[in-house]
Structures are given as structure tokens and as C-alpha cells.
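Novice:
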Amino acid sequence: MPLVLQLATEADAERSAQIEKEAYAPNVFNSILFPGPFPEPTPGENPRVTELAKQLREDSSTRWLKIIDTDLDPTEDNKQMIGFAQWNINDGSELPAGPRSFGPGCNVEACEAVFGGLHGARLKYFGDRKHVPRELTGKMVELRLLHVDPKHQRRGVGKMLVMWGVEEAKKLGLPVFLQSSEDGHSLYLSCGFRDIGIHSVDSPLVSAWQVRADAVKRHVPLQGTASVPPGQKDFTGNVMDYEEGADLMREPDAAGGAYKRYDHVQYHPEDLKGKGEPSYTIERDLKKGKKRKD
């Protein structure tokens, strides 16, 4: 199945938005960042498509790339397109654009904590001469979007889109920058990137949503206390299933360890506080590097 890298156009915005939605649907943070409710969509309109097209038209630094699978039917609603990336080539004339609006159905506080924090890190990096030489301050090739159709992941699609930007940066003599989720971290390391920082959100604005989900879906009392004894039903009819204790989140003999563990997260053996991977390893290595410099 030959894969071909091409420049994408505004006509590809709809397919890009579709791939993005499907690629991030399984992400466990979606229910925290975008819990709803969502308004009924207007027939023939897609706000995300409109937003993407506007970015391409109004930001001259934007470059769109796509991967097509030439073995797929070219007449089926642009389904040949199986991957998309947005790179921005910043010449230093202006600071990078801020994070996009979060849209209806979002948890504003959680989105600000996550996306606002990421934007702050971007601004810091653009002017940080520890990473960027004085003459290149504000000049950068930056990966802003990358998503691959879930049905075609692990075929090298993401790497093709990433390496386009890496090679472009080499031609221009500019540093290249991106921000990664945990899912994409190994891909970027394989493309030659290194970690320069980590943005983690340890905020009640975010964790409160997870605690609420635990209480509703797992029948776990908040912070290990409850007015409904174990084995009895709460007001919704759910049977409370937990062990008596002062604080189930931090009891040494609690299931999964002294700190809460989630099935979808991997943990390093030395990660006693449950930061999860690769966050724990990245933070540990950055601290080691700082100590060596000191």
C-alpha cells in the first residue's frame, strides 16, 4: 500500500477534522476536558472545519501536509487521506498564535489549565536563549497538529509527516519545536527530538472531574469517606463497594498501592506517587540533568 506525502489544501479541512475526531475519541481526558452538553450541529456546518480553514487562510506561516494511500478508492469522500499535519514556519516577526477557543461543551477551567499552560510554555521557549540562540529567538519550525486515521496507525504515517518538518527546519537552519502527548512521545523521540520540559496539571480544576467520575462510575467515596456504608445502596441504587478506611487514596495496603492507579496508565516501578509514564521518567531525567549542571 504505497503512501504519498502531499501538500494539503483548504479542501482537505473537512477530512482533517474527521480524522482528528476519530483519532482522539479514545482519549480518557476527553470526558474531563469536554464533558458536554453539546448543541445540536447545524446541518452542513462544522465549526472545527471553519476554524481550520480560517487558520490556513489568515496565517502565512501555516503549512498543511497530508498522507494519502493510493490503494484506497479516491472517489470515497477523500478517504485516501489517512494522515494530516500542520506545521508553522515562524520567521520571528510575531509571537506564535495562542491556543484556539475551546468551544461549547468544554470544562473551561480544565482547558485553561491544560491548554493555557501549554501555550505559556510555548511563549517561554520562543524567547528562551538556553534553547534558542540569540539570533534565532522567535524563529522556529513548529508542529501544531498531527493526527492519523486510527485504521491506518502504526504504518509510518505519523513519522512521514513529522520528518517533513524536521527536514524543512534543516534546510532553513531553524530549530524545530513541538509539544507531545504521552501517546505520541515515543514517535517524536524516534524522529530525533529531545525533552526540554514537561507540563503537568495537578489541579483540583482537573482532578475534581476525575474524582467525580470515580465516585459515580466506580462507586468509590471521595477521599475514602462516605455517608453510605459499604455494601449498602446509595440514592441512585448503586451498591457502594469499598473497604472501610481513613483515606483509600493513600493507605499503604490499598489496592494498587498507596496512591491511586488507573488501568489505562503505565507506571514506573519507582513511581510511588502515581505520576504515570512517560511523565515520571521525563521529569526524573530532567531533574538529573539539572543536578549535573549544578
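Just so you know, my numbering puts 246 at position 224 of the sequence shown, and the rest follows in order with no gaps. For glycine and all other residues, C-beta sits at the position ideal for the given N, C-alpha and C. All values derive from a computational prediction rather than experimental measurement.
Shortest alpha-carbon distance to MET103 belongs to which of LEU294, SER208, ALA191, GLY180?
Specialist: Comparing Cα positions, the closest option is GLY180.
Novice: When you compare the region 33-51 with the region 69-78, are there three or more beta-carbon pairs, one atom per stretch, that lie closer than 8 Å?
Specialist: Touching, yes.
Novice: With burial defined as no fewer than 16 other Cβ atoms inside 10 Å of the residue's Cβ, what is the status of GLN28: buried or exposed?
Specialist: With fewer than 16 other Cβ atoms within 10 Å, it is exposed.
Novice: Looking at the structure shown, is VAL26 part of a helix, part of a strand, or coil, going by DSSP?
Specialist: Reduced to three states, the DSSP call for VAL26 is strand.
Novice: What does DSSP give as the partner residues of ARG85 in its beta bridges?
Specialist: For ARG85, which the question treats as bridged, DSSP gives the partners TRP109.
Novice: Could you work out which residue in PRO59, TRP186, ILE220 is closest to SER301 when comparing CA atoms only?
Specialist: It is ILE220 whose Cα lies nearest to the Cα of SER301.
Novice: What does DSSP give as the partner residues of HIS169 in its beta bridges?
Specialist: Answer is PHE106, bridged to HIS169.
Novice: Can you look up ILE54 in the DSSP assignment and give me helix, strand or coil?
Specialist: ILE54 falls in the helix class under three-state DSSP.
Novice: What are the start and end residues of the beta strand (DSSP E) that includes VAL198?
Specialist: Taken as a continuous stretch (DSSP letters only), the beta strand (DSSP E) holding VAL198 covers 198-200.
Novice: What's the call for LYS309, buried or exposed, on a 16-neighbour Cβ count within 10 Å?
Specialist: LYS309 should be labelled exposed.
Novice: Under 8 Å by Cβ, that's how I've got ASN100 and ARG166 pegged, so tell me the actual separation to the nearest angstrom.
Specialist: Actually they are not in contact, since the Cβ atoms of ASN100 and ARG166 sit about 21 Å apart, beyond 8 Å.
Novice: If I measure Cβ to Cβ from LEU55 and keep anything under 7 Å in the same chain, skipping five residues before and after, which residues do I get?
Specialist: Once the five neighbours on either side are set aside, the close Cβ partners of LEU55 are CYS128, ASN129, ALA132, CYS133, VAL136.
Novice: Quick one: measure Cβ to Cβ for ASP171 and GLY105, integer angstroms, because I've assumed they're closer than 8 Å.
Specialist: Contact flag correct, Cβ pair sits at about 7 Å.
Novice: Using the C-alpha atoms, what's the distance from THR72 back to LYS297?
Specialist: Roughly 37 Å separates the two Cα atoms.
Novice: Out of curiosity, what's the CA-to-CA distance linking GLY187 and VAL198?
Specialist: Distance between the alpha carbons of GLY187 and VAL198 is about 8 Å.
Novice: Would you mind sorting ASP91 into buried or exposed? The rule is 16 or more other CB atoms within 10 Å of its CB.
Specialist: ASP91 should be labelled buried.
Novice: Taking the beta carbon of ASP95 as the centre, do at least 16 other beta carbons fall within 10 Å, making it buried, or is it exposed?
Specialist: Exposed: under 16 other Cβ atoms inside 10 Å.
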